[in-house]
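S.K.: Numbering (the working numbering), first residue to last: 255 to 343.
Each residue gets a CB set at the ideal place from its N, CA and C atoms; glycine is no exception.
Take a look at the following structure, please.
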């Protein structure tokens, strides 16, 4: 397991089979470009899994669903990407 930011990816020579993040993607400055950078570092068939838990006062599952919807539309602009959503109440 490696921990680091997107800037650290370029110094890693081996591709990843999986990328996992928790409450990170909302901080991407350029989501499409940042996802492209991650994708260039993935093996064929590799997976990117992210978890988002809204942290503001009064957050509901609808806030998480709205975030997932925004990311699904962002990821659909990347060729051969798939985005799914699993919610838990």
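Taking the C-alpha atoms as reference points, what is the distance between residue 295 and residue 274?
M.R.: 13 angstroms
S.K.: Between which two residues does the alpha helix (DSSP H) carrying residue 261 extend?
M.R.: DSSP places residue 261 inside the alpha helix (DSSP H), whose first and last residues are 260-263.
S.K.: Below 8 angstroms between beta carbons: does that hold for residue 321 and residue 306?
M.R.: Contact: yes.
S.K.: By Cβ distance below 7 angstroms, which residues in the same chain neighbour residue 292 in space, the five residues on each side in sequence not counted?
M.R.: 273, 302
S.K.: To the nearest whole angstrom, what separates the beta carbons of residue 271 and residue 297, a pair I think is in contact under 8 angstroms?
M.R.: 5 angstroms
S.K.: Would you say residue 288 and residue 260 are within 8 angstroms of each other, going by their C-beta atoms?
M.R.: yes
S.K.: Locate the alpha helix (DSSP H) running through residue 294, then write down its first and last residues.
M.R.: From DSSP, the alpha helix (DSSP H) with residue 294 extends over 285-294.
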